[in-house]
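Read through the structure below, which is laid out as structure tokens, and then see the notes.
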């Protein structure tokens, strides 16, 4: 009886076999070598050092998700759109996702990024988001 009436049980499901298999294969790849993790760490360090030296306030985190705090919601939407038009996929967040006047662009670094791509992002960012306007 409990199984038929329990909402968590009713709305839960097992993973599809393809998802379970793929997950196991990804774990095999990740445990076979640290190359991807090492590259992600290096890319994150490189990008954070470069963006901080450009004057953007991104905090002291070592995480590969880098928020660029702009504050103004309209400027954030405009900057995100300009970056997307430049071929750079970013996500802009504003209220109610983040507090009012704390709008930001989220940049996510990956192991697959090349330094040239990160440099291009920094170049485009400097055109659309002026540090002294933040």
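Residue numbers (this note's numbering): 27 to 160.
Backbone N, C-alpha and C define an ideal beta-carbon position, used for all residues, glycine too.
Each of 147, 74, 47, 78 was checked against the Cα of residue 111, and the nearest Cα belongs to 147. For residue 103, the enclosing alpha helix (DSSP H) has its first and last residue at 99-111. Residue 96 and residue 131 do touch by the CB rule: their CB atoms are close to 7 Å apart, below 8 Å. If you compare the alpha carbons of 151, 137, 103, 126 with that of residue 114, the shortest gap goes to 151.
Restricted to the segment 31-75, not a single beta strand (DSSP E) segment is unbroken, complete and at least 3 residues in length. Boundaries of the beta strand (DSSP E) around residue 134: 129-134.
Here the C-alpha atom of residue 69 lies approximately 7 Å from the C-alpha atom of residue 136. In the three-state reduction of the DSSP assignment, residue 91 falls in the strand class. With a threshold of 16 other beta carbon atoms within 10 Å, residue 120 meets it and is buried. Using a Cβ distance threshold of 8 Å, residue 155 and residue 94 count as a contacting pair.
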